[in-house]
Amino acid sequence: MKITNNQNLPAPVVALLTRNYYTKGESQYSVTEIMSPPKIRRLREQYDAEIEVDVTSMLATQFGTFMHGKLEAKEIDGYLNEERIFTEVDGVKISGAIDLQKITPEGVVIIDYKFVKAYSVMMNKIDWEIQLNIYKWLVETVKHTKVSGLQICAFVKDFSKFETTKEGYPQAEAVMLDIPMWDSVRTETYVRNRLEMHRNAKVAHDFGEALPLCTDEERWAKESTYAVKRDGRKTAIRVFKTIEEATELAEKEKGYVETRKGEYTRCTGNYCGVAQWCDQYQGELNESA
Ligand code: SF4
């Protein structure tokens, strides 16, 4: 990966931001790698030498890493900080690093720190649910310890108290979120399926065959919406998910409907880092050109 410094930041800042604190120990897959789309993993590996990342885009990740480091150093009775747990599934070594375990008489409560924007707290949290349930499965099957709860401790970087009346908006700069628990059979099935997907993708890629497509969910699909507007008014009267509802209101209000086209945010913003080499996304762009 090539790191650029387009803003000409001072060398100490660059050195700090580009330090690699991440380790997955001896494992072949970390929990987040298991969850990540096989297509992204293979393309990132293939184009690693060509991927360009500006140092400024490392700020958010490093901010989280610094905070994790500080929190890890705070040892408090009844809590276990940062533990990496390893296991093997069909000969593949996997591991998960758990930020915090709170020891209670009922069992362990697994807590994961997230340094996020408010919209992440408001959005569907299925990735957080999967991640924490894999940690639960690791604690139960490797440590043979009961897990009594899963929680996200979310630090909201762009919190604004003026937005707290919005539905689902976090009510403070840091909030605790309860995450639903799965049984271990469901989690193990998920882990095995994902490992198989990664294995098949690697074989396909090695033989020059097509990689599995990223799903809508993996591409962070944002649906189209329909805004009812009226001449002379800057903001929309209301925004709907269907054009029928929007048209009905627009007729009543003597306004018009503006279509806000949905998109695959991960592809359009190149958050996967490999959009320019991706046949799936580039093919769609060519089709719509
Ligand atoms: S550009 Fe989109 S479809 Fe292609 S690898 Fe990235 S996320 Fe997946």
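Numbered per this note's numbering, the sequence shown spans residues 1471 to 1759. Glycine included, C-beta positions come from ideal geometry on N, C-alpha and C. Because the structure is a prediction, the values reported are computed rather than measured.
How would you call Leu1570, buried or exposed, if buried means at least 16 neighbouring beta carbons within 10 angstroms?
-> When all chains shown are included, Leu1570 counts as buried.
Where does Asp1547 fall in DSSP's three states?
-> In this structure, Asp1547 counts as coil in the three-state DSSP scheme.
Should Val1523 be labelled buried (16 or more other beta-carbon atoms within 10 Å of its own) or exposed?
-> exposed
Since Gln1571 sits in a beta bridge, which residues does DSSP pair it with?
-> Leu1550, Ile1580
In terms of alpha-carbon separation, which member of Glu1693, Lys1692, Glu1714, Lys1724 lies closest to Ile1707?
-> Lys1724
Beta carbon of Asp1582 nearer than 8 Å to that of Ile1622 | yes
Drop a sphere of 10 angstroms on the beta-carbon of Tyr1605, count the other beta-carbons inside from all chains shown, and report buried for 16 or more, exposed for fewer.
-> buried
Within 7 Å: the Cβ of Ala1716 and any heavy atom of the ligand NAD?
-> Only the ligand SF4 can be found as ligands here, which leaves the ligand NAD out of the picture.
Just how far apart, CA to CA, sit Val1645 and Val1559?
-> 35 Å
For Lys1509, the first and last residue of its enclosing alpha helix (DSSP H) = 1508 to 1516
Give the DSSP bridge partners of Tyr1696, in chain order.
-> Phe1710, Thr1729
Taking DSSP as the reference, what is the three-state secondary structure of Tyr1660?
-> Reduced to three states, the DSSP call for Tyr1660 is helix.
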